[in-house]
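Beneath this line is the structure, given in structure tokens, with notes to follow.
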Amino acid sequence: MRKTFFILHKYAGLTLGLLLALIGLTGSLLVFDHALDEKLAPHTVRFNPSAQAASYADILTAAQAAVPGNPAPTRLMTQRQPGSPHVVRFPTPEGAPGPVEVSVSPTDAEVLAVRTWGTSQSAMTWIYRLHYTLLAGKTGKTVVGFMGLLLMLFCISGAVLWWPKKRKPGKGKWKRALTISRTGNRFRFYFDVHQVFGIYFLPLLLLISFSGVTLVFPSQVEAVVGSLFKLEPRPVLPGSNAESGTPISPDQAVAIGETVFPGGVLKRIYLPVDNKDSYGLTYRAAGEAWSNYGASVVRIDQYSGEVLMSQNVTEIPLGNKILRWQFPLHNGDALGIVGRWLVLIAGLAPALLFGTGLYLWWQKRSLRQNASSREPRNPVRPSDIPAEV
Numbered sequence: 001m002r003k004t005f006f007i008l009h010k011y012a013g014l015t016l017g018l019l020l021a022l023i024g025l026t027g028s029l030l031v032f033d034h035a036l037d038e039k040l041a042p043h044t045v046r047f048n049p050s051a052q053a054a055s056y057a058d059i060l061t062a063a064q065a066a067v068p069g070n071p072a073p074t075r076l077m078t079q080r081q082p083g084s085p086h087v088v089r090f091p092t093p094e095g096a097p098g099p100v101e102v103s104v105s106p107t108d109a110e111v112l113a114v115r116t117w118g119t120s121q122s123a124m125t126w127i128y129r130l131h132y133t134l135l136a137g138k139t140g141k142t143v144v145g146f147m148g149l150l151l152m153l154f155c156i157s158g159a160v161l162w163w164p165k166k167r168k169p170g171k172g173k174w175k176r177a178l179t180i181s182r183t184g185n186r187f188r189f190y191f192d193v194h195q196v197f198g199i200y201f202l203p204l205l206l207l208i209s210f211s212g213v214t215l216v217f218p219s220q221v222e223a224v225v226g227s228l229f230k231l232e233p234r235p236v237l238p239g240s241n242a243e244s245g246t247p248i249s250p251d252q253a254v255a256i257g258e259t260v261f262p263g264g265v266l267k268r269i270y271l272p273v274d275n276k277d278s279y280g281l282t283y284r285a286a287g288e289a290w291s292n293y294g295a296s297v298v299r300i301d302q303y304s305g306e307v308l309m310s311q312n313v314t315e316i317p318l319g320n321k322i323l324r325w326q327f328p329l330h331n332g333d334a335l336g337i338v339g340r341w342l343v344l345i346a347g348l349a350p351a352l353l354f355g356t357g358l359y360l361w362w363q364k365r366s367l368r369q370n371a372s373s374r375e376p377r378n379p380v381r382p383s384d385i386p387a388e389v
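First residue of the sequence shown? That's 1 in the UniProt record's numbering, and the numbers climb one at a time after it.
Written out as structure tokens, the structure reads:
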């Protein structure tokens, strides 16, 4: 069994490890994607705390006027921190990789930038598209999902290979398995780095890979979670009771939403797409662990202002909570600034493990080729190579 795990671990790593490293590195960059985007596009930042906030209606009107053809906006994402812009999203133009996004100053409703998501106009969203779809649409997204499953397999097989063998007596075997030797040769050092960093990062890599698989294959993971924990079906998003009349403004909808989630922080406004649709507002309600994510939702009739449905993430069944936690766990937001840094560092681990694994494989291959002809320039003796390699 151990030999089978070793073969799977080695050859899957050699063939697909580079792709996993790319996904991990781009994921690390995305941990602080909005902060990096504001550094790359400083013109979208405007810090003016003394100015009065503009109404959401004015924000949406200004954004719509800045987009060719004046299409109807679909959502508004509120500023993430003081100085950040509101971002208004519009439908995806034909042939574009993503929707048009307009950055608008929250204080004077000035349009600061008009960019298409997933293009070079918005570098961080291009990286997001690379991370999530490998720039290959739905097919690439599916590949990324399977790579998440592969990473989970790597974690399991790596743990099996790391586990000290029973035939090795003494307490020192555990210390040896958990530390990097400073007395061995270069081969031994890279072997220790590979297994020690792998086992230390294993919990985080399992968490990140499972959450990533959940984001790509939500229905399949939902079925698995539902078989283990209480899980309510996804609520049907209600439309407006009437199909005509005078719609309430976005600001009125927000005022109603605040009565449902007092003390909550508004994160997104989903605008009605037709006369049958309703407003959808997401909040970070009081008691939610994360800071940038809004998991609680309220739907409001666009004509009467009636609350059609609300869901507080702190009050839903355990199975639903597990699913709702996956995105903020994936980017570290659920664990605060410490969690974000942990996820950023863990995203570098696949590249480190691929690099050290490739070195170990190449050195052992070179040793075998040289053993029958001549001594290598910097020889690694067979006795220096761990049996697991």
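Note that the Cβ used here is the ideal one computed from N, Cα and C, for glycine as well.
Going by beta carbon distance, what residues of the same chain come within less than 6 Å of Gly-27, once the five residues before and after it are set aside?
Apart from sequence neighbours up to five positions away, the residues of its chain that approach Gly-27 with a beta-carbon distance below 6 Å are His-131, Gly-347, ordered along the chain.
Between which two residues does the beta strand (DSSP E) holding Phe-90 run?
Residues 86–90.
Which full runs of the beta strand (DSSP E) of 3+ residues lie inside the region 198–224, going along the chain?
Whole beta strand (DSSP E) segments, 3+ residues: zero.
Which same chain residues, not among the five before or five after Ala-12, have their C-beta less than 6 Å away from its C-beta?
Shown here for Ala-12: not one same chain residue has a beta carbon closer than 6 Å to its own, the five before and five after excluded.
What do you reckon, are the CB atoms on Glu-66 and Val-114 nearer than 7 Å?
Note on residue identity: the sequence assigns Ala, not Glu, to residue 66. Yes; because the gap between Cβ atoms is below 7 Å, this pair is in contact.
Simplified DSSP assignment, three categories, for Ser-122:
Of the three classes helix, strand and coil, the one that applies to Ser-122 here is coil, per DSSP.
Pull up the CB-CB distance for Leu-358 and Leu-149, whole angstroms please, since I reckon it's below 8 Å.
Not confirmed; about 22 Å, so no contact.
Rank Ile-256, Val-254, Val-298 by C-alpha distance to the C-alpha of Leu-237 and give the top, closest one.
Comparing Cα-Cα distances from Leu-237 to each of Ile-256, Val-254, Val-298, the minimum goes to Val-298.
Does the beta-carbon distance from Gly-294 to Lys-267 come in below 7 Å?
Using a Cβ distance threshold of 7 Å, Gly-294 and Lys-267 count as a contacting pair.
Identify whether Glu-258 lies in helix, strand or coil by the three-state DSSP scheme.
Here Glu-258 sits in helix by DSSP.
Please state whether DSSP places Arg-115 in a helix, a strand or coil.
In the structure shown, the three-state DSSP call for Arg-115 is strand.
Do Val-144 and Leu-344 come within 7 Å of each other at the CB atom, strictly closer than that value?
It is not a contact, given that the beta carbons lie outside the stated cut-off.
Residue interval of the alpha helix (DSSP H) (run including Ile-337):
Membership of Ile-337 in the alpha helix (DSSP H) is indicated by the continuous run 336–371.
If you reduce the DSSP assignment to three classes, tell me which class Met-1 lands in.
DSSP places Met-1 in coil when its eight states are reduced to three.
Under DSSP, the alpha helix (DSSP H) around Lys-173 begins and ends at which residues?
Segment 172–178, the alpha helix (DSSP H) holding Lys-173.
Using the Cα positions of Val-196 and Met-1, report the straight-line distance between them to the nearest angstrom.
Their backbone Cα atoms lie some 22 Å apart in a straight line.
Through-space distance from Phe-354 to Leu-8, alpha-carbon basis:
The alpha-carbon of Leu-8 is positioned some 14 Å away from that of Phe-354.
Do Leu-20 and Met-152 have their C-beta atoms within less than 7 Å of each other?
Contact flag unset, no.
Buried or exposed for Ser-244, please, with buried defined as at least 16 other CB atoms from any protein chain shown within 10 angstroms of its CB.
Burial state of Ser-244 is exposed, judged by a 10 Å Cβ sphere holding fewer than 16 other Cβ atoms.
Could you give the distance in angstroms between the alpha-carbon of Thr-116 and the alpha-carbon of Pro-99?
Answer to the nearest angstrom: the Cα atoms are 6 Å apart.
Starting from Gln-311, follow its DSSP beta bridges and name the residues at the other end.
Gln-311 pairs with Val-297.
Under the DSSP definition of a beta bridge, which residues are partnered with Thr-282?
Thr-282 is bridged to Arg-268, Val-297.
I need the straight-line Cα distance from Ala-349 to Leu-161, nearest angstrom please.
Rounded to the nearest angstrom, the two C-alpha atoms are 18 Å apart.
With a threshold of 16 other CB atoms inside 10 Å of the CB of Glu-38, please say whether the residue is buried or exposed.
Flag for Glu-38 reads buried.
Within 10 angstroms of its Cβ, does Asn-70 collect 16 or more other Cβ (buried), or is it exposed?
Label assigned to Asn-70: exposed.
Considering only DSSP beta bridges, list what Val-196 is partnered with.
DSSP, once it has assigned bridges, lists no residue as partnering Val-196.
DSSP three-state assignment for Arg-75, whether helix, strand or coil
Assigned with DSSP and collapsed to three states, Arg-75 falls in strand.
Enumerate in chain order the residues of its own chain whose CB-to-CB distance from Leu-207 is below 7 Å, with the five nearest sequence positions on each side excluded.
Correct list, in chain order: Leu-329.
Anyone know if the C-beta pair for Ser-240 and Asp-301 falls short of 7 Å?
For Ser-240 and Asp-301, yes; Cβs fall inside 7 Å.
Can you give the Cα-Cα distance for Trp-290 and Gln-363, rounded to whole angstroms?
Looking at the backbone, the Cα of Trp-290 and that of Gln-363 are separated by about 45 Å.
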